[in-house]
Amino acid sequence: MEELKSIQWFPGHMMKTKRKIESQLKLIDAVAVLLDARVPYSSCNPDLRSVINNKPRLVVLNKCDMADPEETKKWIRLFKEKGIAAIALDCKSGKGLNTFIPTVKNVLADKIKAWEAKGMKGKTVKVMVVGIPNVGKSSFINRMSKQNRARVEDRPGVTRGNQWFTIGKGFDLLDTPGVLWPKFNDKLVGEKLAYIGSVKDDILDTEHLAGRLLEYLRDNFPDSVCVRYKLDKEHIAQLEGYDILELVGRKRGMLISGGEINTERAAATVLDEFRGGLLGKITLDKSEECCDVRV
Ligand code: G4P
92 MEELKSIQWF
102 PGHMMKTKRK
112 IESQLKLIDA
122 VAVLLDARVP
132 YSSCNPDLRS
142 VINNKPRLVV
152 LNKCDMADPE
162 ETKKWIRLFK
172 EKGIAAIALD
182 CKSGKGLNTF
192 IPTVKNVLAD
202 KIKAWEAKGM
212 KGKTVKVMVV
222 GIPNVGKSSF
232 INRMSKQNRA
242 RVEDRPGVTR
252 GNQWFTIGKG
262 FDLLDTPGVL
272 WPKFNDKLVG
282 EKLAYIGSVK
292 DDILDTEHLA
302 GRLLEYLRDN
312 FPDSVCVRYK
322 LDKEHIAQLE
332 GYDILELVGR
342 KRGMLISGGE
352 INTERAAATV
362 LDEFRGGLLG
372 KITLDKSEEC
382 CDVRV
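Those letters in the sequence shown? Residues 92 to 386, by this note's numbering.
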């Protein structure tokens, strides 16, 4: 997609974030990598592994309310096979949030045992939360904090502006110092992030994007698009995305003067409905196609 080229990764920005994270790594015990359960591969910053180095980590698949539950299970299995603890949760309803603290404790079991052996029973566990924009980082931190009556504080020795949140007795979260932008080298990764709304629409051609999404859904989840927009599978099989978009606009009566179809409105509708989960619980990244989980 042409438009995505203009929002390429900015190396200077990344260097700054990388340095900030590196300087904070010594203060934390583990890293929670937030991913979007609909795109567990595409929503992972490809340089993340080198940024967080060898810190113990766990994956949090957020927005699982919008992903295919079977696919989410497969992804969790895949992460586990790669030796990475993974949990699925949904910050909208709060489902799964209670698995977070026990999972971190499990990941850090040896370390916690070593603390106890040194007489440091109950030492505060500190976890840094990382994730690309829109993955639900703020929602996660807010939810976890509220659930446990949070206290935000400035700590000595920590650069001002860092946000620490107490989420439970002896358990603190650190919001990421800096932003981990996704990388758009892979065109399909960029497109998937645009479909789910992680790339702001105002820098994209939404008609083109909605057309590509309709083609993608037609090829991978034909029932979702055919049922929602009352389209015939065989009819749309050979169509270009833009033609399918026009069909959707026609079916929805989105016409402008002269009987022309308002494809701009149709595009906004398709994108909104997809992002709102009205086309079903859809996971765009398939675990079986993934050879490297990148975390
Ligand atoms: P960020 O800090 O990583 O950038 O993400 P943020 O928490 O701001 O969340 C981005 C959007 O995703 C928000 O919607 C938020 O409500 C939504 N969201 C977060 N977690 C979940 C989840 O588990 N399930 C669902 N369905 N949505 C989730 P928004 O439209 O930008 O704002 P609003 O709807 O909260 O007003």
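For each residue, glycine too, the CB sits at the ideal point set by N, CA and C.
Cα separation between Arg110 and Leu116? Translated into the one-based positions of the sequence shown, residue 110 becomes position 19. Translated into the one-based positions of the sequence shown, residue 116 becomes position 25. Their backbone Cα atoms lie some 10 Å apart in a straight line.
Put Arg148 into one of helix, strand or coil per three-state DSSP. The sequence position of residue 148 within the sequence shown is 57, counting from 1. Looking at Arg148 - three-state DSSP - the assignment turns out to be strand.
Notebook entry, point to check: Counting pairs of beta carbons, one from the segment 189-204 and one from the segment 117-125, are three or more of them closer than 8 Å?
Noted result: Taking a cut-off of 8 Å on C-beta distances, the segment 189-204 touches the segment 117-125, as three or more cross pairs fall below it.
- Item | Runs of beta strand (DSSP E) lying entirely within the segment 147-203, each at least 3 residues, in chain order | List check, beta strand (DSSP E) in window: 148-153, 176-179.
Open item on the list: Within the continuous alpha helix (DSSP H) that includes Glu223, where are the two ends?
Closed with: The residue given as residue 223 occupies position 132 in the sequence shown. The sequence shown places Ile at residue 223, not Glu. Element bounds for Ile223: n/a, residue is neither H nor E.
Query - Pairwise C-alpha distance: Thr374 and Arg129 - result: Here residue 129 refers to the residue found at position 38 when the sequence shown is read from its first residue. Here residue 374 refers to the residue found at position 283 when the sequence shown is read from its first residue. Spanning the two alpha carbons is a distance of roughly 4 Å.
| Gly367: CB within 6 Å of a non-hydrogen atom of the ligand G4P | Translated into the one-based positions of the sequence shown, residue 367 becomes position 276. Shortest gap from the CB of Gly367 to any heavy atom of the ligand G4P: 6 Å or more.
Practice prompt. Would you mind sorting Asn197 into buried or exposed? The rule is 16 or more other CB atoms within 10 Å of its CB.
Written response: Here residue 197 is taken as the residue at index 106 of the sequence shown, counted from 1. Classification for Asn197: exposed.
Take Lys321 and list the residues in its own chain whose beta-carbon comes closer than 7 Å to its own, dropping the five residues that flank it on each side.
-> Counted from its first residue, the sequence shown places residue 321 at position 230. Close CB contacts of Lys321 within its chain, under the 7 Å cut and outside five residues either way in sequence, are with Lys342 (chain order).
**OP:** Could you say which of Glu172, Asp383, Cys182, Ile178 lies nearest to Asp156 if we only look at CA atoms?
**Re:** As a position in the sequence shown, residue 156 is number 65, starting the count at 1. That would be Cys182, whose Cα lies nearest to the Cα of Asp156.
Q: Give the secondary structure of Gly332 by DSSP, where H, G and I count as helix, E and B as strand, and everything else as coil.
A: Reading the sequence shown from its first residue, position 241 is the one you call residue 332. The answer is helix: DSSP assigns Gly332 an H, G or I state.
Just to confirm before moving on: does the CB-CB distance between Thr354 and Leu336 stay below 7 Å? Residue mapping note: residue 354 aligns to position 263 of the sequence shown, counting from 1. Residue mapping note: residue 336 aligns to position 245 of the sequence shown, counting from 1. Contact: yes.
- Task: Taking Thr374 as part of the alpha helix (DSSP H), name the residues at either end of that continuous run.
- Result: To locate residue 374, count along the sequence shown from 1; it is residue 283. Counting along the chain, Thr374 sits inside no alpha helix (DSSP H), nor does DSSP assign it H or E at all.
TODO: For Gly332, collect the residues of the same chain with a Cβ closer than 7 Å to its Cβ; drop the 5 residues on either side in sequence, then sort them by chain order.
DONE: Here residue 332 is taken as the residue at index 241 of the sequence shown, counted from 1. Excluding positions up to five away in sequence, the list reads Gly302, Arg303, Leu305, Glu306.
Do Arg309 and Val318 count as a contact pair if the criterion is CB distance below 7 Å? On the sequence shown, position 227 is the one that residue 318 refers to. On the sequence shown, position 218 is the one that residue 309 refers to. Pairing Val318 with Arg309 gives a Cβ-Cβ distance that is not under 7 Å.
| query | Relative to the alpha-carbon of Ser236, which residue among Val221, Val226, Asp277, Gln254 has its alpha-carbon at the smallest distance? | reply | Translated into positions along the sequence shown, residue 236 becomes position 145. Comparing Cα positions, the closest option is Gln254.
> What first and last residue would you give for the beta strand (DSSP E) that runs through Asp323?
Replying inline: Locating residue 323 in the sequence shown gives position 232, counting from the first residue. Annotation: Asp323 is outside any beta strand (DSSP E) and is labelled neither H nor E by DSSP.
* Asked: Gly227: beta carbon under 6 Å from a heavy atom of the ligand G4P?
  -> Locating residue 227 in the sequence shown gives position 136, where the first residue counts as 1. Yes, since a heavy atom of the ligand G4P falls inside the 6 Å radius drawn around the Cβ of Gly227.
Check your understanding: Which of helix, strand or coil does DSSP assign to Phe256?
Key -> Numbered from its first residue, the sequence shown carries residue 256 at position 165. Residue state, collapsed to three classes: strand.
message = I want to check one thing, is the minimum distance from the CB of Lys237 to the heavy atoms of the ligand SAH below 6 Å?
response = Among the ligands present in this structure, namely the ligand G4P, the ligand SAH is not found.
(message) Please state whether the Cβ-Cβ distance between Ser133 and Val290 is less than 7 Å.
(response) Here residue 133 refers to the residue found at position 42 of the sequence shown. Here residue 290 refers to the residue found at position 199 of the sequence shown. Val290 is positioned such that its CB atom lies no closer than 7 Å to that of Ser133.
Beta-carbon contacts of Ile352 that lie in its chain and below 7 Å, excluding the five residues immediately before and after:
Reading the sequence shown from its first residue, position 261 is the one you call residue 352. Closer than 7 Å at Cβ, skipping near neighbours: Glu337, Gly340, Arg341, Met345, Leu346.
Q | In DSSP terms, what Val290 is bridged to | A | Here the question's residue 290 lines up with position 199 in the sequence shown. Note: Val290 sits in no beta bridge, so no partner.
Exercise for review: Alpha carbon to alpha carbon, how far is Asp323 from Leu139? Give it in angstroms, no decimals.
Suggested key: Walking along the sequence shown from the start, residue 139 turns up at place 48. Walking along the sequence shown from the start, residue 323 turns up at place 232. Straight-line spacing of the CA atoms in Leu139 and Asp323 works out to 43 Å.
Quiz item: Considering Leu125, what are the terminal residues of the beta strand (DSSP E) in which it resides?
Solution: Along the sequence shown, read from residue 1 onward, the residue named residue 125 stands at position 34. 121-127 is the span of the beta strand (DSSP E), which, as asked, contains Leu125.
Please report the straight-line C-alpha distance between Gly187 and Trp206, rounded to a whole angstrom. For the purposes of this step, residue 187 is taken as residue 96 along the sequence shown, with counting starting at 1. For the purposes of this step, residue 206 is taken as residue 115 along the sequence shown, with counting starting at 1. Cα to Cα, Gly187 sits roughly 28 Å from Trp206.
Check your understanding: Around the Cβ of Met219, are there at least 16 other Cβ atoms within 10 angstroms (buried) or fewer (exposed)?
Key -> Within the sequence shown, residue 219 is the residue found at index 128, counting from 1. By the C-beta density criterion, Met219 is buried, having at least 16 other C-beta atoms within 10 angstroms.
Classify Leu284 as helix, strand or coil using the three-state DSSP reduction. For the purposes of this step, residue 284 is taken as the residue at position 193 of the sequence shown. In the three-state DSSP reduction, Leu284 falls in the helix class (H, G or I).
Distance between beta carbons of Thr163 and Leu149, contact taken as under 8 Å: Counting from 1 along the sequence shown, the entry for residue 149 is found at position 58. Counting from 1 along the sequence shown, the entry for residue 163 is found at position 72. Not confirmed; about 15 Å, so no contact.
**Study point:** Classification of Ile294 by the beta-carbon crowding that lies within 10 angstroms, buried from 16 upward
**Key:** Counting from one through the sequence shown, the residue named residue 294 turns up at place 203. Around the beta carbon of Ile294, a 10 Å sphere encloses fewer than 16 other beta carbons of the protein chains shown; the residue is thus reported as exposed.
Grab me the residues of Glu364's own chain with a C-beta within less than 8 Å of its C-beta, minus the 5 sequence neighbours each way, in chain order.
Along the sequence shown, read from residue 1 onward, the residue named residue 364 stands at position 273. Arg319, Leu370.
Return the bridge partner residues of Phe262 from the DSSP annotation.
For the purposes of this step, residue 262 is identified with residue 171 of the sequence shown, where counting begins at 1. According to DSSP, which records beta bridges pairwise, Phe262 is partnered with Val216, Gly259.
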